[in-house]
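Novice: Please find one structure pasted underneath; my questions will follow.
There are 2 protein chains.
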Amino acid sequence: MPPPTNAQPETHPLVGQPVAAIDTPALVVDLDAMERNLQRMAEFARKHGIRWRAHAKMHKSAAIALLQVRSGAVGVCVQKTAEAEAMAAGGVLDVYISNEVVAPHKLARVARLAHRLAADGGRLGIAVDSLEGIERLAAAMNEARLATRTPAVIDVYVEIDVGQGRCGVPPGPAGATLALAIRRHPALRFAGLQAYHGRAQHVRSPAERRALIARSSEQVLLTCRLIEAEGVPVPLVTGAGTGSMVCEAASGIWGELQAGSFLFMDADYARNERDPAQPAFEHALFVKTQVVSTCAQHAVCDAGHKSHAIDSGLPLVHAPDGEHVLEYANGGDEHGILRAAPGARLPELGRLLWLVPGHCDPTVNLHDQLVGVRGGLLRGTVERVFRVDARGALT
Amino acid sequence: MPPPTNAQPETHPLVGQPVAAIDTPALVVDLDAMERNLQRMAEFARKHGIRWRAHAKMHKSAAIALLQVRSGAVGVCVQKTAEAEAMAAGGVLDVYISNEVVAPHKLARVARLAHRLAADGGRLGIAVDSLEGIERLAAAMNEARLATRTPAVIDVYVEIDVGQGRCGVPPGPAGATLALAIRRHPALRFAGLQAYHGRAQHVRSPAERRALIARSSEQVLLTCRLIEAEGVPVPLVTGAGTGSMVCEAASGIWGELQAGSFLFMDADYARNERDPAQPAFEHALFVKTQVVSTCAQHAVCDAGHKSHAIDSGLPLVHAPDGEHVLEYANGGDEHGILRAAPGARLPELGRLLWLVPGHCDPTVNLHDQLVGVRGGLLRGTVERVFRVDARGALT
Numbered sequence: 001m002p003p004p005t006n007a008q009p010e011t012h013p014l015v016g017q018p019v020a021a022i023d024t025p026a027l028v029v030d031l032d033a034m035e036r037n038l039q040r041m042a043e044f045a046r047k048h049g050i051r052w053r054a055h056a057k058m059h060k061s062a063a064i065a066l067l068q069v070r071s072g073a074v075g076v077c078v079q080k081t082a083e084a085e086a087m088a089a090g091g092v093l094d095v096y097i098s099n100e101v102v103a104p105h106k107l108a109r110v111a112r113l114a115h116r117l118a119a120d121g122g123r124l125g126i127a128v129d130s131l132e133g134i135e136r137l138a139a140a141m142n143e144a145r146l147a148t149r150t151p152a153v154i155d156v157y158v159e160i161d162v163g164q165g166r167c168g169v170p171p172g173p174a175g176a177t178l179a180l181a182i183r184r185h186p187a188l189r190f191a192g193l194q195a196y197h198g199r200a201q202h203v204r205s206p207a208e209r210r211a212l213i214a215r216s217s218e219q220v221l222l223t224c225r226l227i228e229a230e231g232v233p234v235p236l237v238t239g240a241g242t243g244s245m246v247c248e249a250a251s252g253i254w255g256e257l258q259a260g261s262f263l264f265m266d267a268d269y270a271r272n273e274r275d276p277a278q279p280a281f282e283h284a285l286f287v288k289t290q291v292v293s294t295c296a297q298h299a300v301c302d303a304g305h306k307s308h309a310i311d312s313g314l315p316l317v318h319a320p321d322g323e324h325v326l327e328y329a330n331g332g333d334e335h336g337i338l339r340a341a342p343g344a345r346l347p348e349l350g351r352l353l354w355l356v357p358g359h360c361d362p363t364v365n366l367h368d369q370l371v372g373v374r375g376g377l378l379r380g381t382v383e384r385v386f387r388v389d390a391r392g393a394l395t
Numbered sequence: 001m002p003p004p005t006n007a008q009p010e011t012h013p014l015v016g017q018p019v020a021a022i023d024t025p026a027l028v029v030d031l032d033a034m035e036r037n038l039q040r041m042a043e044f045a046r047k048h049g050i051r052w053r054a055h056a057k058m059h060k061s062a063a064i065a066l067l068q069v070r071s072g073a074v075g076v077c078v079q080k081t082a083e084a085e086a087m088a089a090g091g092v093l094d095v096y097i098s099n100e101v102v103a104p105h106k107l108a109r110v111a112r113l114a115h116r117l118a119a120d121g122g123r124l125g126i127a128v129d130s131l132e133g134i135e136r137l138a139a140a141m142n143e144a145r146l147a148t149r150t151p152a153v154i155d156v157y158v159e160i161d162v163g164q165g166r167c168g169v170p171p172g173p174a175g176a177t178l179a180l181a182i183r184r185h186p187a188l189r190f191a192g193l194q195a196y197h198g199r200a201q202h203v204r205s206p207a208e209r210r211a212l213i214a215r216s217s218e219q220v221l222l223t224c225r226l227i228e229a230e231g232v233p234v235p236l237v238t239g240a241g242t243g244s245m246v247c248e249a250a251s252g253i254w255g256e257l258q259a260g261s262f263l264f265m266d267a268d269y270a271r272n273e274r275d276p277a278q279p280a281f282e283h284a285l286f287v288k289t290q291v292v293s294t295c296a297q298h299a300v301c302d303a304g305h306k307s308h309a310i311d312s313g314l315p316l317v318h319a320p321d322g323e324h325v326l327e328y329a330n331g332g333d334e335h336g337i338l339r340a341a342p343g344a345r346l347p348e349l350g351r352l353l354w355l356v357p358g359h360c361d362p363t364v365n366l367h368d369q370l371v372g373v374r375g376g377l378l379r380g381t382v383e384r385v386f387r388v389d390a391r392g393a394l395t
């Protein structure tokens, strides 16, 4: 069952309260910064004449997905069936599961969702990388058609491995084999190629990112030619993330960008050297935390790695007032240890601090809500609270 | 507001189903192994004549806490006020927040909970490491007494830093100063010392762990002597974890063990060389996952670091049938990459696999439920489902 939707967020008791009223630790969104990032992305896509499909695995909030759609996103992509269900339950009509699903009971959920979205005038997509996956998906769509007595078509993307080394068939003839297999099933529409190079996102130098995506481009082109040689058009190539998107946008090959992190920008993405073509996205997601213990050497705050993910490094300490120059060291599940730069002073007991998480996606997944603040982190007011609808939506 | 309690877990639709019915990824508890671990801990504590207070920051489930209390635990400890509220709401009567709380609005919650538990015949404890923390706690207890018109006393432990390098005053006179300050407030009872050496838990060699806790013991003794020199008895020294507990139990200084991980045993604790005095705890917590993609070099499963925490290393692939010898490599938020040992074969598409998480505490915190299986991971049946009551209980 998908979780209930994010209706009436304005009724949250925090709305209208000053930033000081937000208990710690909490995940806070600087709405002004988020909206500037959203506008930068929309402008970038318009300028390049490219579609963008925001990756909702990052924010997991249907309300934020709808903000993105209103700004020009064609819809969202997600990685899990349960995330797709949560987005659809929250009113998102165009959802793409950019990942493989092979369990028959889960494909039954996928097929039911495809029929539900089609009935509402929406659409569902999914990625495949095996003949077995295609046959099982077709069987599930057939079952759902019989059960609902309404026809629906699901968009099926063939995933090719363009350098990530994870899912996807190798570039080349395997892609054509799968495209032809998809076309044998009337309820499946061959929608194009899923081509995402995850590792390229975090390569620091723009020149190296360009070189990696240039190699991916050759692999995509080769696969497209082989598919087209079978008389099958490739309607779309979809992929890219916040790190490499300027390369895919400039390629003339990708027709759709799947960036997600640009909206919140985490500490790890900020470590990338910015390509001059890249919009200047800014940090919009913060962990509000408080100092709960002090000693001569350090201070301890109440946010550890149950408050923020550390798979891509520890958080940075943000200093909206420029007062403290602090380094965050790992203090375990519930604590962070703060050390001052030489000459700087340690924060006092009770002091409120702001952390920029190392990786936004798994950080958001630790929280039930995102507290949206207008007017800055120091003197702002809570304007709305986003429910993390797909938090823990693992299946 | 604390989450609702774990009433009638037997009504969960998975109960009575075979293991095959558990969707992936899911967190599964081998109930037979868990109960053996529980019994080993109870026997260990009995043999050493020492109290044990299970750390519920690990399992976050009131139902599991009650199982531990029925096996002889005096109660639970937790790290967060919201965890304490969740445990109390689930029927646990003796709760200790082994951590510092300094925010006045949070101390108001602590004080209300102390009064609620006292009214039910239970008790609440908390750690302090500053005069300001003590004064604020006393003020909150006073407010709660006026509001509830019932007297209550909270157990207050002075935390000393015995090697962890995090919270706590240095061993020595600072501890005596805090003990005396606590005794000036009638609603605060000086309950003893909190002395936990977190880093010692994961030191691999038993001899090195013994050396670290021997040093901690001297520091505790020194502090006890200084407090007692002020005419103040030290009722209890509490601390220790699964890694070092045999040392604290043998010391004659600690009167209470706070081990938590022994119940589930994660991959990181299993990397410790076992002290001969340590009970042979076994893995009882697993992520059930499925292979969703395969290629010549590797297989990909549907559990990434949104399914299990990786702060203490990647999960191990458990082979209940001994068939697959696989290594798990990081595949990002939603994927794991499985590589076969030389000569071993890769698992096929759709194959179900079991992972032993690197660190149980933050892994449990990613899930809403723990699926309890009786009769083994291969042919067992779901007997009960534990709600993770304090999942995301960060404040």
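Residue numbers (my numbering), protein chains in the order written: chain V, 1 to 395; chain D, 1 to 395. Just so you know, even glycine gets a beta-carbon here, dropped at the ideal spot from N, CA and C.
1) If you measure from the beta carbon of V:Glu327 to each beta carbon in chain D, is any gap under 9 angstroms?
2) Report all residues from its chain with a CB closer than 6 angstroms to the CB of D:His283; omit the five preceding and five following residues, and keep chain order.
3) Go through its chain and collect everything with a Cβ distance to V:Val128's Cβ below 8 angstroms, but skip five positions before and after it.
4) Between V:Val74 and V:Ala114, is the Cβ-Cβ spacing less than 9 angstroms?
5) Is V:Arg274 buried or exposed, if buried means 16 or more other CB atoms sit within 10 Å of its CB?
6) V:Gln290 and D:Val232: beta carbons closer than 9 angstroms?
7) So, does the CB of D:His305 fall closer than 9 angstroms to a CB anywhere in chain V?
8) Within the continuous alpha helix (DSSP H) that includes V:Cys247, where are the two ends?
9) Roughly how far, in whole angstroms, is the beta-carbon of D:Lys306 from the beta-carbon of D:Asp333, given that I think they are within contact range, below 8 angstroms?
10) Output yes if chain D places a C-beta closer than 9 angstroms to the C-beta of V:Gly125; else output no.
11) Should V:Val388 and V:Asp368 be called a contact, given that it needs their Cβ atoms to be closer than 9 angstroms?
12) Mind pulling the beta strand (DSSP E) runs of 3 or more residues that sit fully within the stretch 279-352 of chain V?
13) With DSSP as the reference, label V:Asp361 as helix, strand or coil.
14) Could you work out which residues of chain V lie near D:His283, taking near to mean beta carbons separated by less than 8 angstroms?
15) If you count every other CB in all the chains shown that lies within 10 Å of the CB of D:Leu67, and 16 or more means buried, which is it?
16) Which residues, in order along the stretch 352-380 of chain D, keep a beta-carbon less than 8 angstroms from a beta-carbon of chain V?
17) Is there a Cβ of chain V sitting closer than 9 angstroms to that of D:Arg401, yes or no?
18) Would you mind giving the Cβ-Cβ distance between D:Asn37 and D:Phe281, rounded to the nearest angstrom? I have them listed as a contact below 8 angstroms.
19) Can you tell me which residues form a DSSP beta bridge with D:Thr381?
20) Going by C-alpha distance, which of V:Val220, V:Ala299, V:Leu193 is nearest V:His335?
21) Return the Cβ separation of D:Gly255 and D:Thr238 in integer angstroms, given the expectation that the two are a contact with Cβ distance under 8 angstroms.
22) Could you tell me which of V:Asp361, V:Val317, V:Val371 sits nearest to V:Leu346, measuring between CA atoms?
23) Does any residue of chain A bring its CB to less than 9 angstroms from the CB of V:Val19?
24) Whole-angstrom Cβ separation of V:Ala88 and V:Arg70, contact assumed at under 8 angstroms?
25) Alpha carbon to alpha carbon, what distance is there between V:Tyr96 and D:Gly72?
26) If you measure from the beta carbon of D:Asn6 to each beta carbon in chain V, is any gap under 9 angstroms?
27) List, in chain order, every chain V residue whose beta-carbon is nearer than 7 angstroms to that of D:Leu349.
28) Run through chain V and tell me which residues come within less than 7 angstroms of D:Ile310, C-beta to C-beta.
29) Check whether the Cβ atoms of V:Leu366 and D:Pro25 sit closer than 9 angstroms, and answer yes or no.
30) Is there a C-beta anywhere in chain D that falls below 9 angstroms from the one on V:Ile154?
31) Would V:Leu338 be called buried (16 or more neighbouring beta carbons within 10 Å of its own) or exposed?
32) Starting from V:Ile227, follow the alpha helix (DSSP H) in both directions and report where the run begins and ends.
33) Output the boundary residues of the alpha helix (DSSP H) element that contains D:Leu27.
34) Would you list the residues sitting across from V:Ala127 in a DSSP beta bridge?
35) For V:Gly172, is the classification buried or exposed, using 16 other Cβ atoms within 10 angstroms of its Cβ as the cut-off for buried?
36) So what's D:Asp268 in DSSP terms, helix, strand or just coil?
Specialist: Reading it off the structure:
1) Locating residue 327 of chain V in the first sequence gives position 327, counting from the first residue. So no, V:Glu327 is outside the interface.
2) Position 283 of the second sequence holds residue 283 of chain D. Taken in chain order, the residues that qualify are Met265, Val356.
3) Within the first sequence, numbered from 1, the residue matching residue 128 of chain V stands at position 128. If we look at V:Val128 and ignore the five residues flanking it on each side, its Cβ neighbours are Glu100, Ile134, Leu137, Val156, Tyr157, Val158, Glu159, Leu178, Ile182.
4) Translated into positions along the first sequence, residue 74 of chain V becomes position 74. Translated into positions along the first sequence, residue 114 of chain V becomes position 114. Cβ atoms of V:Val74 and V:Ala114: not closer than 9 angstroms.
5) Numbered from its first residue, the first sequence carries residue 274 of chain V at position 274. Label assigned to V:Arg274: exposed.
6) Here the question's residue 290 of chain V lines up with position 290 in the first sequence. Here the question's residue 232 of chain D lines up with position 232 in the second sequence. No, these two residues do not count as a Cβ contact at 9 angstroms.
7) Locating residue 305 of chain D in the second sequence gives position 305, counting from the first residue. Judged by the 9 angstroms Cβ criterion, D:His305 is in contact with chain V.
8) Position 247 of the first sequence, counting from 1, holds the residue named residue 247 of chain V. That run of the alpha helix (DSSP H) goes 245-251.
9) Position 306 of the second sequence, counted from the start, is the residue given in the question as residue 306 of chain D. Position 333 of the second sequence, counted from the start, is the residue given in the question as residue 333 of chain D. Indeed, because the Cβ distance is near 5 angstroms, the residues count as touching under 8 angstroms.
10) On the first sequence, position 125 is the one that residue 125 of chain V refers to. With 9 angstroms as the cut-off, V:Gly125 does not count as an interface residue toward chain D.
11) The count along the first sequence starts at 1 and reaches residue 388 of chain V at position 388. The count along the first sequence starts at 1 and reaches residue 368 of chain V at position 368. In this structure, V:Asp368 lies closer than 9 angstroms to V:Val388 by Cβ.
12) 285-294, 299-301, 316-318, 326-330, 336-340
13) In the first sequence, the residue the question calls residue 361 of chain V occupies position 361. In this structure, V:Asp361 counts as helix in the three-state DSSP scheme.
14) Here residue 283 of chain D is taken as the residue at index 283 of the second sequence, counted from 1. Ordered by position in chain V, no residue passes the 8 angstroms Cβ test against D:His283, which lies about 20 angstroms from the chain.
15) By 1-based counting over the second sequence, the position of residue 67 of chain D is 67. Buried: at least 16 other Cβ atoms inside 10 Å.
16) Asp361, Pro362, Asn365, Leu366, His367, Asp368
17) Given that chain D is displayed from residue 1 to residue 395, the structure contains no residue 401 of chain D and the question cannot be resolved.
18) Reading the second sequence from its first residue, position 37 is the one you call residue 37 of chain D. Reading the second sequence from its first residue, position 281 is the one you call residue 281 of chain D. That belief holds up - the Cβ atoms of D:Asn37 and D:Phe281 are roughly 5 angstroms apart, short of 8 angstroms.
19) Counting from 1 along the second sequence, the entry for residue 381 of chain D is found at position 381. DSSP output for D:Thr381 lists D:Pro18, D:Arg374 as bridge partner(s).
20) Residue 335 of chain V sits at position 335 when you count from the first residue of the first sequence. The shortest Cα separation from V:His335 among V:Val220, V:Ala299, V:Leu193 belongs to V:Ala299.
21) Walking along the second sequence from the start, residue 255 of chain D turns up at place 255. Walking along the second sequence from the start, residue 238 of chain D turns up at place 238. Indeed they touch by this definition, with Cβ atoms about 7 angstroms apart.
22) Numbered from 1 along the first sequence, position 346 holds the residue referred to as residue 346 of chain V. Considering only alpha carbons, the answer is V:Val317.
23) The structure shown contains no chain A; its protein chains are V and D.
24) For the purposes of this step, residue 88 of chain V is taken as residue 88 along the first sequence, with counting starting at 1. For the purposes of this step, residue 70 of chain V is taken as residue 70 along the first sequence, with counting starting at 1. Their Cβ separation, rounded to whole angstroms, is 17 angstroms, which puts V:Ala88 and V:Arg70 out of contact at 8 angstroms.
25) For the purposes of this step, residue 72 of chain D is taken as residue 72 along the second sequence, with counting starting at 1. For the purposes of this step, residue 96 of chain V is taken as residue 96 along the first sequence, with counting starting at 1. Rounded to the nearest angstrom, the two C-alpha atoms are 51 angstroms apart.
26) Mapped onto the second sequence, residue 6 of chain D falls at position 6. Any reading at D:Asn6 must be qualified, since the residue scores a pLDDT of 46, below 50, and its modelled position is unreliable; no value is offered.
27) Counting from one through the second sequence, the residue named residue 349 of chain D turns up at place 349. Correct list: Val102, Ser130, Glu132.
28) If you number the second sequence from 1, residue 310 of chain D lands on position 310. Within 7 angstroms Cβ-Cβ: Asp311.
29) Taking the first residue of the first sequence as 1, we reach residue 366 of chain V at position 366. Taking the first residue of the second sequence as 1, we reach residue 25 of chain D at position 25. No, these two residues do not count as a Cβ contact at 9 angstroms.
30) Within the first sequence, numbered from 1, the residue matching residue 154 of chain V stands at position 154. It does not; no Cβ of chain D falls within 9 angstroms.
31) In the first sequence, counting from the first residue as 1, residue 338 of chain V sits at position 338. Buried, since its Cβ has 16 or more Cβ neighbours within 10 Å.
32) Position 227 of the first sequence, counted from the first residue, corresponds to residue 227 of chain V. It spans 206-229 - the alpha helix (DSSP H) in which V:Ile227 sits, taken as one unbroken run.
33) Stepping through the second sequence from its first residue, residue 27 of chain D is reached at position 27. Per DSSP, D:Leu27 belongs to no alpha helix (DSSP H); it is in the beta strand (DSSP E), 26-30.
34) Locating residue 127 of chain V in the first sequence gives position 127, counting from the first residue. DSSP output for V:Ala127 lists V:Tyr157 as bridge partner(s).
35) The sequence position of residue 172 of chain V within the first sequence is 172, counting from 1. Counting Cβ neighbours within 10 Å, V:Gly172 comes out exposed, since fewer than 16 surround it.
36) Residue numbering aside, residue 268 of chain D sits at position 268 when the second sequence is read from its first letter. In the structure shown, D:Asp268 sits in a helix (DSSP, three-state: H, G or I).
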